[in-house]
Amino acid sequence: MSLPYEQKITIKAWAEEDRPREKLLALGRRSLSDAELIAILIGSGSTTESAVDLSKRILHSYNNDLGNLSKLSVQELCKFRGIGEAKAITIIAALELGRRRKETEVPLPSSIGCAKDAFNILAPYFADLLHEEFWILLLNNSHKLITKVLISKGGVAGTIADPKIIFKTALEHNAVNIVLAHNHPSGNLKPSQEDVSLTKKMKSAANMLDMKILDHIIIAGNKFFSFADEELL
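The numbering of the sequence shown is UniProt numbering, which starts it at 1 and goes up by one.
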């Protein structure tokens, strides 16, 4: 007797070479599609959908873009039938490991010679953020990087960068030069009037403390805007 058309065939019933785990063992990790890799993380689907089909459905909902998928919260992933909290956490943890690996693969400069150097250092920290953050790079007189510091976190439309906190942090680290940086989750690189006003205020205050604001960069995805490059400092 044949199975009803609606009844799905589970992964265990597939040919061994088509099962994600077995396929990885036999052919290597590069042979698997994104959906198959996610299916291994999920482990199991439901009575009506295999883990691979569920993974395909999740990816399709986000244009098959792992970058978009990595921005999801646990709650957003749990909206998919078949994904509980534990599976959602597993997916998020795996994508975060991938992001961190990418971060370590880029050799970071020990000194800041241009806006691109600052971008390379900070871009991984802004990756996939749906809210704004404000960071500073603290440098010595030779533009050697002393440290990077997260100053504040905000919402989608902005965050507060308190000059008092910024200069207090710089003085504590004996920094002479500062690079300001924040992100625009909207993807728009154009500085707001608040960005321009803050940069001018910071530049004036730095001069009084015998410090220098070398740049203020705005990061949006893989692109950046440099106040220094645009001669706005």
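We treat Cβ as the ideally placed atom computed from N, Cα and C, and that holds for glycine.
Owing to the predicted nature of the structure, the values given are computational and were not obtained by experimental measurement.
Check: Residue 257, DSSP secondary structure in three states; Outcome: Only positions 1 to 233 of the chain appear in this structure, which leaves residue 257 out of reach.
Check: Extent of the continuous alpha helix (DSSP H) run through ARG143; Outcome: Position check: residue 143 holds His in this sequence, whereas Arg was assumed. Counting along the chain, HIS143 falls outside any alpha helix (DSSP H), and DSSP gives it neither H nor E.
Check: PRO185 vs ILE218 beta-carbon contact at 7 Å; Outcome: no
Check: Burial state of ASN141 (16 or more Cβ within 10 Å); Outcome: exposed
Check: At least three beta-carbon pairs within less than 8 Å, the segment 162 to 172 to the segment 114 to 133; Outcome: no
Check: Nearest-angstrom beta carbon gap, ILE42 and LEU24 [assumed within contact, 8 Å]; Outcome: Their Cβ separation, rounded to whole angstroms, is 14 Å, which puts LEU24 and ILE42 out of contact at 8 Å.
Check: Simplified DSSP state of PHE224, which is helix, strand or coil; Outcome: strand
Check: Distance CB(LEU171)-CB(HIS216) smaller than 7 Å; Outcome: no
Check: For HIS182, three-class secondary structure by DSSP; Outcome: strand
Check: Residues that DSSP places opposite GLU133 in a beta bridge; Outcome: LYS153
Check: Distance CB(LEU232)-CB(ALA175) smaller than 7 Å; Outcome: no
Check: Same chain, Cβ closer than 8 Å to LEU189, neighbours up to 5 away in sequence not counted; Outcome: ILE218, ALA220, LYS223, PHE224, PHE225
Check: Best match in GLY84, VAL74, ALA35 for proximity to ASN63 [C-alpha to C-alpha]; Outcome: ALA35
Check: Among ALA115, ASP128, LEU129, nearest to LYS136 - alpha-carbon criterion; Outcome: Checking the displayed sequence, the identity of residue 136 turns out to be Ile instead of Lys. Residue ALA115 is the option with its Cα nearest to ILE136.
Check: Cβ neighbours of LEU77 in the same chain (closer than 8 Å, five flanking residues each side left out); Outcome: ILE58, ILE83, LYS87, ALA88, ILE91, ILE92
Check: DSSP bridge partner residues for ASP53 (one or two, in chain order); Outcome: Note: ASP53 sits in no beta bridge, so no partner.
Check: Length of the line joining the Cα atoms of LYS71 and GLU85; Outcome: 16 Å
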